[in-house]
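Numbering-wise, the first sequence is residues 1 to 402 according to the numbering used here.
Built from N, CA and C at the ideal position, the CB exists for glycine as well.
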Amino acid sequence: MSDNNLQDMFTEYLEKESVFQNKDLLTTKHQPDDILHRDDQISELASILAPALKGNDPSNLFIYGTVGTGKTLCVNHVCDELREAVKQSPTNLKIIYLNCKMKKVADTEYRLSAQLARELGEEVPSTGLPTDEVYDRFFQALEDQEDVVIIVLDEIDALVKKIGDSFLYNLTRINDDLEKTKVSIVGISNDLNFTDYMDSRVKSSLSEEEIIFPPYNALELKNILRQRTDEAFTDGVLEEGVISKCAALAASEHGDARRALDLIRVAGELAERSDEPEVSMEYVDAAQDKIEKDRLKETVRSQPKQSKLLLYTIFDEHQANGGKMVTGDIYANYKEYADQAGMKTLTQRRISDLISELDMLGIINAKVRSKGRYGRTREISVDLSDGSVEDIQSMLGEAFYL
DNA sequence: AGTCCACAGGAAGGGCAGGCGA
DNA sequence: TCGCCTGCCCTTCCTGTGGACT
C-alpha cells in the first residue's frame, strides 16, 4: 500500500462517525463514581476500615467472590474515600494495594516483601539479597511509617497456592512486634474454598471479618451495562436487545460484569470495523467467539517453548484420531516431534507437570483414570472447537517449522 | 486376597542466569 | 572479579494408587 493510500485511509477513519463516544468507560480501568448493586458491601467495608481514621488498626478482612463481582472496584473505591477523609485527621494512614497474580511482582516471598517495602519508600533490588534481609527492610519501613498501614492483597489465593501461607502467618503476627505502626490486612480471593489450603491459625486471624460478593444476576448486569453504555456509545447505535443479550450471556457465566463489559465493547469494535452504523445482535455472538479465541491464543502464545511443543503434539493427535489420549502415547509422540524440531527432550516426569499446567489453564482436559491391570494414567481430551484447534495448530506448526 | 500395570506426583537437589556487595 | 543469594526449570529417585486380572 502506498503512503498516499494510507493517508487516505487514516483521513477516512478520522472523518467516520464512531459508534463509541468514550470507549474507556467499558474497560476495567474505569472507576465509576456510582457503583451499582454493591451498597451493602461498600458500607460494610467502610465500617470495618473506618477505625483507621482514628489511628486504630482495623480488623483483618477477607473478601470472597468470583471474577467480575466488583471486589477490587469496591475496595479501591472505599480506599480512595479513606485517603480523602484522612486528610482532615492527624492520623498518618498508608494504603498499599498489591495484585499477587502479577508475574514478577508479587508471586514469590522475596518479590512480595520487596514490593511491599518499595511501596513504603524503601529501595530493594529485584534479586540478590537474602529473603530475611528483604523482610527486615520491609519491617523497618513499616515501623517508620507510624500510625496505620492497610495492606490490600488482591488475588491472595494465587499467592497462597504458589508459596504457601507462611508469609501470611508472619504478616498477621507482625502487629505483635511493631511498636509505632499498626497493620491491617485485606485479602481478596476469587476462590471461595481457598482457605482450605491454609493453616487454621492464619485462617482465623486473617478472617476476623468476612465479606462475600455474590455474582450479579442478569438484571443487575443489565443496569451496570446501561450505566456505562449511556456515555460510552453514541446515542442510538445499540440495537434493541443487545444490552440484554450481553447481560444474559455474562450472567450464565458466573455473573461476571467484566465479561459483560468486554462483550459489549468487542461487539462495538467489530461493528465499527465492518463500517456498520449500528451494533446489532449478530456482533454480540461474534464478540463472544472472538473473546474466547483471543484468550486462548494469548494463553498459548505466552507458554514456554516446551509447553508449546507438547500442545502441538496433543492437538496433532487429537486431529488425527480424536477421542481420549493418555500420557504415555503423548510422551512417545512428543519425543519424535522434539527430535524433528531439533529440541531437547524433557523427561516424562516433567512432561507430566506440563500436562497438569495446560489442564489448569483450561486449554486441555486431563483427568487421572485408573485402568486396572492396564495402569493408572491421565486421560487427555480437547474440548475446543475445530476452528480454534486448527488456528492454534498452524500457529504452533509455523513456530517449530513442523 | 494378592499381583501388577502405568503412571501420578512428592521431595531433593543440580545447573543456570541475574543481581548484589565487598 | 568473586562469593553469595535468588528464582526458575529441570532431573532423579522414590512412594503411592485404583482397579483389572489371576
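task = Please list, in chain order, all residues of the same chain as residue 324 whose beta carbon is under 8 Å from its beta carbon, the five residues on each side excluded.
result = For the purposes of this step, residue 324 is taken as the residue at position 324 of the first sequence. Its chain contains 379, 380, 381 as the residues whose beta carbon lies nearer than 8 Å to that of residue 324, once the 5 sequence neighbours on both sides are disregarded; these appear in chain order.
I'd like the span of the alpha helix (DSSP H) that includes residue 374, first residue to last. In the first sequence, residue 374 corresponds to position 374, counting from 1. Per DSSP, residue 374 belongs to no alpha helix (DSSP H) and is neither H nor E.
Beta carbon of residue 92 nearer than 7 Å to that of residue 147: Locating residue 92 in the first sequence gives position 92, counting from the first residue. Locating residue 147 in the first sequence gives position 147, counting from the first residue. Closer than 7 Å, so yes.
Worksheet item: With 16 as the cutoff for other CB atoms within 10 Å, does residue 182 come out buried or exposed?
Response: On the first sequence, position 182 is the one that residue 182 refers to. Buried: at least 16 other Cβ atoms inside 10 Å.
Q) To the nearest angstrom, how far is it from the Cα of residue 68 to the Cα of residue 242? A) Stepping through the first sequence from its first residue, residue 68 is reached at position 68. Stepping through the first sequence from its first residue, residue 242 is reached at position 242. One C-alpha to the other measures close to 20 Å.
One question on the structure: do residue 184 and residue 150 come within less than 7 Å of each other, judged by their Cβ atoms? Your numbering for residue 184 matches position 184 in the first sequence. Your numbering for residue 150 matches position 150 in the first sequence. Contact: yes.
Discussion item. Since residue 262 and residue 291 should fall inside the 8 Å C-beta cutoff, what is the C-beta to C-beta distance between them, to a whole number of angstroms?
Written reply: Counting from one through the first sequence, the residue named residue 262 turns up at place 262. Counting from one through the first sequence, the residue named residue 291 turns up at place 291. About 6 Å separates the Cβ atoms of residue 262 and residue 291, confirming a contact at the 8 Å cut-off.
Can you tell me which of the three DSSP states residue 213 falls into?
Here residue 213 refers to the residue found at position 213 of the first sequence. DSSP places residue 213 in coil when its eight states are reduced to three.
- Given 8 Å, three or more beta-carbon pairs between the segment 128-138 and the segment 108-115: Put simply, the segment 128-138 touches the segment 108-115. At least three CB pairs are less than 8 Å apart.
Pair every Cβ in the segment 65-79 with every Cβ in the segment 206-217, then say whether three or more of these pairs are closer than 8 Å.
-> A contact exists between the segment 65-79 and the segment 206-217.
Exercise for the section: Check residue 59 in the structure and name its three-state DSSP category. Expected result: Here residue 59 refers to the residue found at position 59 of the first sequence. Note: residue 59 maps to coil in three-state DSSP.
Rounded to a whole number of angstroms, what is the C-alpha to C-alpha distance between residue 24 and residue 89? Translated into the one-based positions of the first sequence, residue 24 becomes position 24. Translated into the one-based positions of the first sequence, residue 89 becomes position 89. Cα-Cα distance, rounded: 34 Å.
Q) Around the C-beta of residue 190, are 16 or more other C-beta atoms found within 10 angstroms, so that it is buried, or is it exposed? A) Taking the first residue of the first sequence as position 1, residue 190 is located at position 190. Buried: at least 16 other Cβ atoms inside 10 Å.
- Task: Provide the residue(s) that pair with residue 369 in DSSP beta bridges, ordered along the chain.
- Result: Start at 1 with the first residue of the first sequence, and residue 369 comes out as number 369. For residue 369, which the question treats as bridged, DSSP gives the partners 377.
Simplified DSSP state of residue 238, which is helix, strand or coil:
The residue labelled residue 238 in the question sits at position 238 within the first sequence. Strand, per DSSP.
Review point. Hey, how far is the Cα of residue 79 from the Cα of residue 58?
Key: Translated into the one-based positions of the first sequence, residue 79 becomes position 79. Translated into the one-based positions of the first sequence, residue 58 becomes position 58. The straight-line gap from Cα to Cα measures roughly 13 Å.
| said: Tell me the residue span of the alpha helix (DSSP H) that contains residue 134. | reply: One-based indexing of the first sequence puts residue 134 at position 134. The continuous alpha helix (DSSP H) containing residue 134 extends over residues 131-145.
Q. Among 362, 338, 245, 264, which residue has its Cα nearest to the Cα of residue 298?
A. In the first sequence, counting from the first residue as 1, residue 298 sits at position 298. Taking only the C-alpha atoms, the option nearest residue 298 is 362.
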